[in-house]
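Residue numbering for the sequence shown follows this note's numbering, beginning at 50 and increasing consecutively. Structure record follows, encoded as structure tokens.
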Amino acid sequence: MWPRPVPVSEDPFRRRRAANDDASTGSWNADRSKLTVSDFDGDGKADVGVLYPYGQDEQGVNRTGLCTFTSTGTGFNAPAMPWDSARGTGSWNWYRSDLA
């Protein structure tokens, strides 16, 4: 599930909002998500990263993507995908990946 930013006037821990985001199936499987926290955009705030497997293509090449949710200080921005193994990295095995 993709967390969406919550207005400052609302408590983001009591009023969570989410939407599914996957054009092909309309869902995102949390069981296949590897989470990490880091400052992905260099602003000094803790951001959330999710490494997600998208399966194999017809040639058996594994596809994995990193989605980031950057912090606004009071919530999180919509997800961005700064890395996708399908964009020139080659086959990336999500099952053999460990996040620090």
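Don't be surprised by glycine CBs; every beta carbon is placed ideally from N, CA and C.
8 Å Cβ cutoff met for residue i and residue j
i: lysine 94; j: glycine 122; result: yes
i: phenylalanine 118; j: aspartate 90; result: no
i: glycine 104; j: threonine 85; result: no
Separation of residue j from residue i, as counted between CA atoms
i: serine 73; j: aspartate 92; result: Bear in mind that a pLDDT of 49 at serine 73, under 50, signals an unreliable position, so the number given afterwards is only what the model happens to contain. So the alpha carbons of these two residues sit roughly 33 Å apart.
i: proline 102; j: methionine 130; result: 13 Å
i: aspartate 88; j: serine 120; result: 9 Å
i: tryptophan 141; j: glutamine 108; result: 13 Å
i: proline 128; j: aspartate 80; result: 18 Å
i: serine 134; j: tryptophan 77; result: 18 Å
Residue i beta carbon near the ligand MN (any heavy atom closer than 7 Å)
i: aspartate 147; result: As far as ligands go, the structure on display features none, and thus does not contain the ligand MN.
Other residues of its chain near residue i: CB distance less than 6 Å, five sequence neighbours each side excluded
i: lysine 83; result: Leu100 and Leu148
Neighbourhood of residue i by C-beta distance below 7 Å, restricted to the same chain and skipping five residues each side
i: aspartate 106; result: Arg112
Range covered by the beta strand (DSSP E) that runs through residue i
i: asparagine 111; result: 111 to 118
i: aspartate 92; result: Element bounds for aspartate 92: n/a, residue is neither H nor E.
i: serine 87; result: 83 to 87
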